[in-house]
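*Asks:* In the numbering used here, the protein residues as written are 69 to 144. Provided herewith is a single structure, encoded as structure tokens, for subsequent inquiry.
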């Protein structure tokens, strides 16, 4: 089971989460990666390092360029 939400702060994001990238016209997310899902590889103080599903390698994005976070939730 998964839970999708709009992150309010960078601490809402953890390594292993899946995020939806959004292009905002500034550096970070290229236009061709907008609306692409990516796995979080590392969370820094102001940036998130992600591995997009459509390209090889990683991309450094700002917290504001993440539209949604998808977390795995264990059923209890």
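Note that CB positions come from ideal geometry on N, CA and C, so glycine has one too.
1. In chain order, what residues of the same chain have a beta carbon less than 6 Å from the beta carbon of residue 101, not counting five sequence neighbours either side?
2. Which partner residues of residue 127 appear in the DSSP bridge assignment?
3. Please classify residue 77: does DSSP put it in a helix, a strand, or coil?
4. Starting from residue 89, follow its DSSP beta bridges and name the residues at the other end.
5. Taking the beta carbon of residue 104 as the centre, do at least 16 other beta carbons fall within 10 Å, making it buried, or is it exposed?
6. Provide the residue span of the beta strand (DSSP E) that contains residue 110, from first to last.
*Replies:* Reading from the atomic positions:
1. 89, 120
2. 118
3. coil
4. 134
5. buried
6. 105-111
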